[in-house]
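Protein chains: 2
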Amino acid sequence: MDLLKKKIEEEGIVLSDHVLKVDSFINHQMDPHLMKEIGLEFARLFKEAGITRILTIESSGIAPAIMAGLALDVPVIFARKRKSLTLTSDLYTATVYSFTKRESNEITVSKKYIHPEDHVLVIDDFLANGQAALGLANIVEQAGATVSGIGILIEKSFQQGAEELIAKGYRLESLARIASLKGGKVTFAEQRIHEGIYAGGY
Amino acid sequence: MDLLKKKIEEEGIVLSDHVLKVDSFINHQMDPHLMKEIGLEFARLFKEAGITRILTIESSGIAPAIMAGLALDVPVIFARKRKSLTLTSDLYTATVYSFTKRESNEITVSKKYIHPEDHVLVIDDFLANGQAALGLANIVEQAGATVSGIGILIEKSFQQGAEELIAKGYRLESLARIASLKGGKVTFAEQRIHEGIYAGGY
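Chains A and B are the protein sequences, given in the same order. Numbers 1 to 202, taken from the working numbering, label the letters of the first sequence in order. Numbers 1001 to 1202, taken from the working numbering, label the letters of the second sequence in order.
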């Protein structure tokens, strides 16, 4: 998605070979017009997939997910990283390890909001090691529902998450794919060949 | 705002005299169309206020705030409740005590994203004791910027937050005002008389 790539080029800050900071338009300050366009792009990509619900995770997934939910006309759920006091029973849970934060979080979703007949689009901001996406997909499957796709804003293609999700048979759509952050520079990966065939070459 | 009140009447669950659960359309599952209408309503209310930026707090404030940001054509910042690993220096911080969770959180906003010339609209989902809104307003003022308004989805008018914010001179716009949750029933408060005059009577 050109608009997102342009924004990454203009405002993304490469902190190391593995860390790209996008807190001026995604992770702290958010650009509402970019989020709207991202939502429309996910709706375009998944419009034939029969999506009935979107599942994301707090906090940076919420803005793109709500815009996609508006465009696809489906409810959006955000998984919680910490248990809520008013949301205490009948939860699906999955354990997600964050390599960045070096800690495990238990993520939770109320059983009330995902049903076996649901076709769920999982949305998240970053895909690196794939832990969050796998945790969200696991929750969908605990509910007996179908993971109809995984939509990612920024895929770090040099880490193993994308490969792992595709190997598991998930349809993965990443709006910007980064081949490398070496030398303080963002190098985008080539377009991946769909469906389920991994283009490789990076 | 009638659409929000109707949703509260239809789907809100009164857990006690003080707790209203709205996790089917705001706090866990979110209704994107409702969020869009909320964003448009905040834009209508604050369109003459010269808003340059919106500040909310993760996680439930993000969806209404991004929709308001889209409608007002301004960037949206969400304050973090936990420190980010890639967001470590040059932070404004405020301490927010949650009566519901019985804990204090330090909320943080990067100094990069609020400037002295900003006119900031603070948005949050609930207003009860006013701690979160006061913390966000405090951060805006630390930046030397102006709090041009506070936009709330659901005000629990029987707690002291609204009165305190108005006493401090803030312009408060709450889309649904709840006078009481007694007897397991939601009773809405009358319209408040603006500006800065507190209608009272509840």
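Even for Gly, the Cβ is constructed at its ideal location relative to N, Cα and C.
Asked	Found
Inter-residue spacing [alpha-carbon to alpha-carbon] between residue 1121(B) and residue 1074(B)	10 Å
Enclosing beta strand (DSSP E) for residue 79(A) [first to last residue]	76 to 79
Proximity of residue 155(A) and residue 174(A) at Cβ, strictly below 8 Å	yes
Classification of residue 56(A) by the beta-carbon crowding that lies within 10 angstroms, buried from 16 upward	buried
Chain A contact for residue 1070(B) (CB, 8 Å cutoff)	yes
Three-state class that DSSP yields for residue 1181(B) in the structure shown	coil
Closest residue to residue 37(A) among 176(A), 54(A), 67(A), 181(A) (Cα-Cα distance)	67(A)
Members of the segment 25 to 38 of chain A near chain B, C-beta cut-off 9 Å	25, 27, 28, 29, 30, 31, 32, 33, 35, 36
Same chain only: Cβ atoms within 7 Å of residue 1009(B), ignoring 5 sequence neighbours per side	1186
Between the CA atoms of residue 130(A) and residue 98(A) - distance to the nearest angstrom	9 Å
6 Å CB neighbourhood of residue 1027(B) in its chain, flanking five on each side removed	1060
With 16 other Cβ atoms within 10 Å as the buried cut-off, status of residue 15(A)	exposed
Cβ contact (3+ pairs, closer than 8 Å) linking the segment 1043 to 1056 of chain B and the segment 17 to 27 of chain A	no
Test item: CB-CB of residue 5(A) and residue 188(A) under 8 Å	yes
Paired residues, beta bridge with residue 1094(B) - DSSP	1107(B)
CB contact check: residue 58(A) to chain B, cutoff 8 Å	yes
Residue 95(A) burial status per 10 Å Cβ neighbour count (16 or more: buried)	exposed
Residues that residue 1014(B) contacts on chain A, provided the C-beta gap is smaller than 8 Å	In chain order: nothing, as chain A lies at least about 11 Å away.
Residues bridged to residue 1029(B) (per DSSP)	77(A)
Interface flag, residue 1213(B) vs chain A, CB-CB below 8 Å	Because residue 1213(B) is not part of the residues shown, which for chain B are 1001 to 1202, the question remains open.
Given residue 1176(B) as reference, the closest of 1103(B), 1128(B), 1114(B), 1077(B) once Cα atoms are compared	1128(B)
N-terminal and C-terminal residue of the beta strand (DSSP E) that residue 1156(B) is part of	1146 to 1156
Chain-ordered neighbours of residue 63(A) on chain B, where CB pairs are closer than 8 Å	1062, 1063, 1066, 1076
Under the three-state DSSP convention, the category residue 1053(B) falls into	strand
Spatially closest choice to residue 1114(B) from 1140(B), 1101(B), 1107(B), 1108(B), by CA coordinates	1140(B)
Where residue 1160(B) falls, given that 16 or more other Cβ within 10 Å makes a residue buried	exposed
Residue(s) in a DSSP beta bridge with residue 1013(B)	1021(B)
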